[in-house]
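Per UniProt numbering, the very first residue in the sequence shown carries number 1; after that it's consecutive. Beta carbons are placed, not taken as given, at the ideal position from N, Cα and C, and that holds for glycine. It should be emphasised that the depicted structure is a prediction, and the values quoted were computed from it without experimental measurement.
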Amino acid sequence: MSDFLITDLSTAQINDAQVKKFVDHVVDYLKPQIYEALYNRSENKPANYEPLSAGVKQAKNYKSLAAVVHERLAAKSVDQVKSMLLDRGPRLELARATRVNFEPEAYKDAVVKFKRTDFKTDFRYVNDSLFTRRFAGILELTDDAAPEERAANVALASTISVARTLKLMLKTVKCVDETDPEWWGKDSISVGGVAVDDKDVTTKIAAFSAGTFNDGNVKHFNPDHELKSFRLDNVNPSVFTAFLTIAEKDNGGFSDFLQELYESIKAHLVVILTAIGAAAGTAIGAAIGGTVGTAIAGPLGTVIGAAAGMILGALVGWLVGVLKDDIFDPRVYAIKLKRNVPFVGPVKRLNYRDFGGTYYMDVYWMAS
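Following this line, the structure appears as structure tokens:
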């Protein structure tokens, strides 16, 4: 039996109808906040957004999604933001999904409507089994280690009994098909994302340039590139999660942006779950300390964090279309350690398709 379990998925792999309904519902609730930020920036208004208060025993304040997006727009000119605001495609898509008028003159009323959402009524279909059974089922950590890899694990463990560090490693980036328009020149690809450790502390996976790519170009890292390192303690089983993605041209720190998006989405999720009285939300809200979800032991904290990651993935595709950022839909890549023993895990191929382009990355976990 392997000493670790690994899973990876994208939002496109959500097949459970109830899970997909919930993810899409939260995304539709969050989208108007993006337009609130766009509207305020187009009018050159200050970022005076009410913070989210999430928690029961130790309520903490977190940035709303509108505040995060407003900061992202700081580098854009007012004219650029106005152009984003007037783009009909995303507005019509949002109007169809929410049945609310998002024409420019109606933004304020639309945002107010969503801020007054009656979570208890609108999310009445949500119950605890959605998280304890359905989300957990999608995130089931399956044994991916081949027999020879298990044998290698045993051999390593016999020489060094305890691993102190877990690393996420990158072997390869390949461009299968360049992003559109291809005649414009090579893609400049950056790799980065968000990491969540076994204490539910969120940090960024610092973005770095993987190089420039045309169709068929491959970058083999030698030595393999360390994306993230975690310190291991003796608490097992323990789960570590990475939300890993690429961007065509790093438009001003996309890893920082993704980290703030993730933390804000998770705070919104806690607010919703606590308001509707789901035990998952109440448990998390009651335990909040320095970060959303602190002190939630066992699989529940992992499931809530991954749910926020799925919402992030579902929102990013629409958000970058509005903001004109070329950030691909993040992949959830997680590992569950049963024991802290040294190992080199199997290589996983993470596929990314967007903006007319297709890429893949080969990554793996290792402990030493």
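Buried or exposed (CB count within 10 angstroms, at least 16 for buried), residue i
| i | result |
| --- | --- |
| GLY192 | buried |
| GLY357 | buried |
| LEU92 | exposed |
| LEU52 | buried |
| ASP233 | exposed |
| GLY309 | buried |
| VAL26 | buried |
| PRO147 | The predicted model places PRO147 with a pLDDT of 49, which falls under 50 and marks its position as unreliable, so this point remains unresolved. |
| residue 381 | Residue 381 is absent from the model: the chain starts at 1 and stops at 368. |
| THR179 | buried |
| GLY290 | Bear in mind that the predicted position of GLY290 carries a pLDDT of just 34, short of 50, making it unreliable; the figure below should be weighed with that in mind. Burial call: exposed. |
| SER161 | exposed |
| HIS268 | buried |
| ALA12 | exposed |
| GLY298 | Reliability fails at GLY298, whose pLDDT of 45 lies under 50, so the model's placement of it is uncertain and the value that follows must be treated cautiously. Classification of GLY298: exposed, given that the 10 Å Cβ count is below 16. |
| SER274 | The sequence given here places Thr at residue 274; Ser does not occur at that position. The residue is buried, with at least 16 neighbouring Cβ atoms inside 10 Å. |
| SER190 | buried |
| VAL218 | exposed |
| ALA75 | exposed |
| PHE131 | buried |
| VAL10 | Here the sequence assigns Ser to residue 10, which means Val is not the residue at that position. Under this definition SER10 is a buried residue. |
| ASP200 | buried |
| ASP354 | buried |
Whether residue i touches residue j by CB criterion (8 angstroms)
| i | j | result |
| --- | --- | --- |
| residue 372 | LYS348 | Since the displayed the chain opens at 1 and closes at 368, residue 372 lies outside it and no answer follows. |
| VAL303 | PHE119 | no |
| ASP325 | PHE254 | yes |
| VAL69 | ILE14 | no |
| VAL239 | ALA334 | yes |
| ALA242 | ALA195 | yes |
| ASP16 | THR98 | no |
| THR212 | PRO330 | no |
| ALA314 | VAL23 | yes |
| VAL111 | PRO32 | yes |
| ILE138 | TRP365 | no |
| ALA47 | ALA67 | yes |
| LEU227 | LEU168 | yes |
| residue 375 | LEU170 | The structure shown does not extend to residue 375, since the chain is modelled only from 1 to 368, so the question has no answer here. |
| LEU30 | LEU85 | no |
| PRO181 | VAL322 | no |
| ASP8 | LEU350 | yes |
| VAL100 | LYS115 | no |
Chain C within 8 angstroms of residue i, Cβ atoms only
| i | result |
| --- | --- |
| GLY277 | No chain C is part of this structure, which consists of one protein chain only. |
CB-CB length for residue i against residue j, believed under 8 angstroms
| i | j | result |
| --- | --- | --- |
| ASN214 | CYS175 | 7 angstroms |
| TYR359 | VAL126 | About 35 angstroms; that fails the 8 angstroms criterion. |
| GLU263 | TYR62 | 6 angstroms |
| LYS336 | PHE4 | 7 angstroms |
| PHE123 | ILE327 | Actually they are not in contact, since the Cβ atoms of PHE123 and ILE327 sit about 28 angstroms apart, beyond 8 angstroms. |
| LYS338 | GLY305 | About 19 angstroms separates the two Cβ atoms, so there is no contact after all. |
| ASP197 | PHE230 | 5 angstroms |
Item checked: beta strand (DSSP E) runs contained entirely in the stretch 24-58, provided each spans 3 or more residues -> 52-54
Next item on the list: Tell me the start and end of each unbroken beta strand (DSSP E) in the stretch 330-356 that is at least 3 residues and wholly inside, in chain order.
Entry: 331-337, 348-354
Check: Just checking, does the stretch 36-45 make contact with the stretch 331-345 on the three C-beta pairs under 8 angstroms criterion?
Finding: no
Notebook entry, point to check: Should the stretch 258-273 be called in touch with the stretch 202-210, which here means at least 3 C-beta pairs below 8 angstroms?
Noted result: yes
Next item on the list: With a floor of 4 residues, list each alpha helix (DSSP H) that falls wholly inside the stretch 172-253, ordered by position along the chain.
Entry: none
Check: Where are the alpha helix (DSSP H) runs, 4 residues long or more, that stay fully inside the stretch 96-121, in chain order?
Finding: 107-115
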